[in-house]
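Count along the sequence shown from 1, then add 420; that gives the number in the working numbering.
Even glycine gets a Cβ: it sits at the ideal position worked out from N, Cα and C.
Below is one structure, written out as structure tokens; comments come after it.
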Amino acid sequence: MKFTLTILTLLSCLFMKAQNDCRDALIVCGNMGYTGLTANGPGIQELNNSNTCQSFENNSIWLELRIKTGGTLGFTITPGNPDINVDFDFFIFGPNVTCGNIGQAIRCSTTNPEFAGSASNLTGMNGEETDTAEGPGELGNNFIQWLTVQDGESYFLVIDRPVGSSDFSIEWTGTASFHDAPVFNNPDGISVDLKQCDDDGVDDKTSLFDLTKHQAMFLGTQTGVSIAFYENQNDVITETNEIANPSAYANTQLQQTIYARMTNLATGCFNTMEFTIEVINPIVAGQPDDLFLCDFNEDGKQQFTLSQNDDAIKDGGANMIVTYYRTEADANNKTNPINALYTNQVPYTAETVWARLENVSGCFGYDVVSFTINIIPLPDIVYTLDIVDFRESDNSITVVMPDAEDYEFSLDGSDFSDNFVFEGLEAGPHVVFIRAKTGCKTIHENVVILNYPKYFSPNGDGLHDTWRIPYLSLQPNASVTIFDRYGKVIDGFMGENPGWDGNLNGKALPSTDYWFVLELANGRKIHGHFAMLR
421 MKFTLTILTL LSCLFMKAQN DCRDALIVCG NMGYTGLTAN GPGIQELNNS NTCQSFENNS
481 IWLELRIKTG GTLGFTITPG NPDINVDFDF FIFGPNVTCG NIGQAIRCST TNPEFAGSAS
541 NLTGMNGEET DTAEGPGELG NNFIQWLTVQ DGESYFLVID RPVGSSDFSI EWTGTASFHD
601 APVFNNPDGI SVDLKQCDDD GVDDKTSLFD LTKHQAMFLG TQTGVSIAFY ENQNDVITET
661 NEIANPSAYA NTQLQQTIYA RMTNLATGCF NTMEFTIEVI NPIVAGQPDD LFLCDFNEDG
721 KQQFTLSQND DAIKDGGANM IVTYYRTEAD ANNKTNPINA LYTNQVPYTA ETVWARLENV
781 SGCFGYDVVS FTINIIPLPD IVYTLDIVDF RESDNSITVV MPDAEDYEFS LDGSDFSDNF
841 VFEGLEAGPH VVFIRAKTGC KTIHENVVIL NYPKYFSPNG DGLHDTWRIP YLSLQPNASV
901 TIFDRYGKVI DGFMGENPGW DGNLNGKALP STDYWFVLEL ANGRKIHGHF AMLR
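So this is what it looks like as structure tokens:
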């Protein structure tokens, strides 16, 4: 016989994790070859003085061969790593021996392929060889004579890896056959995954599943077989930690994989499958935002609209309601709800509010989540304005303050930004706004950018008949004093006055240059000169 190799994922996973021994030998069923097997560690040393090939367990795996139909039995072991330094040995005990009394090996090979000068590191039994044992070291050619077996016999095959690192595959040859593994029947190809609500009234996202729901379909007409259920791959292969009550099993994850093992009670052959169980429509609350309100009443209390977090908590879910509570226990027990318009209890202290999200139809469920409500004190805004004017259209205003990073600024109510310097300004009135980034306070100050005309012409034509500083009327307490070139005071006026008409004591003064001093109410003084043209 020669059988096609198949991948047995569960076996590969198991033996990469743990060493097996004679007592938990893997029963070979169904005439399949295995691939991806890994032998790790010696486990219990059971080969001492039991073979003529002078070796023992290093990194081994035990297989039990139960013969259904007699004939010749051979195999080929192919390491996953073809490096000639990787060496696999094997030993066969039987027929019909028991663990603890396995006797002497009736076949064994411990030839080292590198030492023997072999072309490859494959090893096994076939019909061409005549020797029944070979090795150790350079002795042999990696293959020995296969077995002639009878119906109903059993043998132990121990595969050991003394040198190198690799997994391996095994292909059965000859005319003998093994017992078939039982089959999980599913004639209509239906989904066997289980989905149900968490409808027991307790929001723990668990439910009791009947894992045996499809058991009758799986068994079909097969007799003498049993089905057991497990929580992980290792347990289903090693037949440990069977789920005790599979008809009422509480899931441990929202979506969980369950492993089923079907075993032929007479032959020990088994098959495995997996399916998922899932609690559907679990309620998972979205993350709400912490809420902040300014202390406009200056008493540390404000009324919060808790329901503004409803959409975030529902997180797109439909048919849900949100209620609010002061404690987590109240939220879980659905007791003592608070109004969605809620005033914080302790001034100036962050307070935790608990929200309960609950289904109003479909699967019952709820979840609770918390957020904080906070009162923001009104800030004291301390600043000065640095004004540069009398520069035609290149004037500027700079806001100077120690904590400017906490504020944003605007000139004349345009877009607020972090920029606190306003440049390229024309003369005229402006309003500087300073707003706390918390949004809790905004102040403004009226500012006048000044500039003076360089000449005037008092000709009585109604154009430039007086010399005055535009917008100075917005600073009525400012004063202007005008001098001739010799420093003699000619005239003066206050900011609210119309200006100088070019006369002194009722007499027109000649065309020439004149000087002035402008003194603002804040003490700032500006010096300059202008021309009178007649």
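- Counted as a single uninterrupted DSSP element, the beta strand (DSSP E) harbouring F913 occupies residues V909 to M914.
- One thing to note: F695 has its Cβ within 9 Å of the Cβ of D613.
- At least 9 Å separates the beta-carbon of S470 from that of G520.
- Per DSSP, the unbroken beta strand (DSSP E) holding M682 starts and ends at Q675 to N684.
- Counted as a single uninterrupted DSSP element, the alpha helix (DSSP H) harbouring L639 occupies residues Q635 to L639.
- Taking the Cβ atoms as the reference, P757 lies roughly 15 Å from N729, outside the contact range of under 8 Å.
- Spatial neighbours of V819 in its own chain (CB-CB distance under 7 Å, excluding positions within 5 residues in sequence) are listed in chain order as Y803, L805, F829, F840, V852 and I854.
- A distance below 9 Å separates the beta carbons of K615 and V699.
- In the DSSP assignment, the residues bridged to I758 are Y744.
- For I793, the closest alpha carbon among the candidates A760, P799 and S586 is that of A760.
- Annotation: the continuous alpha helix (DSSP H) that includes V656 extends over Q653 to T658.
- In the structure shown, S816 falls within a strand segment according to DSSP collapsed to helix, strand and coil.
- Setting aside the 5 residues that flank it on each side, D904 is surrounded in the same chain by I910 and Y934, each with a C-beta closer than 7 Å to its C-beta; the list follows chain order.
- Counting only residues of its own chain and dropping the five nearest sequence neighbours on each side, A775 has a CB closer than 8 Å to the CB of A705, P708, L726, N729, I733, V742, T743, Y744, Y745, A751, V788, V789, S790 and F791.
- Measuring C-alpha to C-alpha distances from E591 to each of F495, P896 and I447 identifies F495 as the nearest.
- Shortest Cα-Cα distance from P890 to any of P849, S816, G688 and P499 involves P849.
- The alpha-carbon separation between Q653 and Y679 amounts to approximately 7 Å.
- In the three-state reduction of the DSSP assignment, S893 falls in the helix class, which pools H, G and I.
- Judged by DSSP secondary structure, K734 falls within the alpha helix (DSSP H) whose first and last residues are D730 to K734.
- By the Cβ criterion, the segment 596-611 is in contact with the segment 634-651, since at least three pairs of Cβ atoms, one from each stretch, lie closer than 8 Å.
- Taking 9 Å as the cut-off, the beta carbon of I526 is found no closer than this to the beta carbon of L467.
- Taking C-beta atoms as the reference points, A553 and S538 fail to come closer than 9 Å.
- Beta-bridge pairing by DSSP links Q524 to no other residue.
- Between the alpha carbons of H864 and L892 lies a distance of about 20 Å.
- Distance between D551 and G688, taken at the CA atoms: about 32 Å.
- In this structure, Y575 and F508 do not form a Cβ contact; the two beta carbons are roughly 18 Å apart against a cut-off of 8 Å.
- The secondary-structure analysis by DSSP pairs W920 across a beta bridge with W887.
- Contiguous alpha helix (DSSP H) elements confined to the segment 771-828 do not occur, taking only those with 4 or more residues.
- Residue burial is scored here from C-beta neighbours: I610 has fewer than 16 other C-beta atoms within 10 angstroms and is therefore classed as exposed.
- The C-alpha of L628 is placed about 48 Å away from the C-alpha of Q570.
- Per the coordinates, the alpha-carbon of N546 lies some 39 Å from the alpha-carbon of F649.
- The beta carbon of I801 sits closer than 8 Å to the beta carbons of M821, Y827, I854, A856, K861 and I863 from its chain, once the five residues preceding and following it are set aside; these are given in chain order.
- When only Cα atoms are considered, C617 and F724 end up about 35 Å apart.
- When DSSP states are grouped into helix, strand and coil, C442 belongs to the helix group.
- By alpha-carbon distance to G490, the top candidate from P502, N451, T455 and S480 is N451.
- Taking C-beta atoms as the reference points, D630 and A664 fail to come closer than 9 Å.
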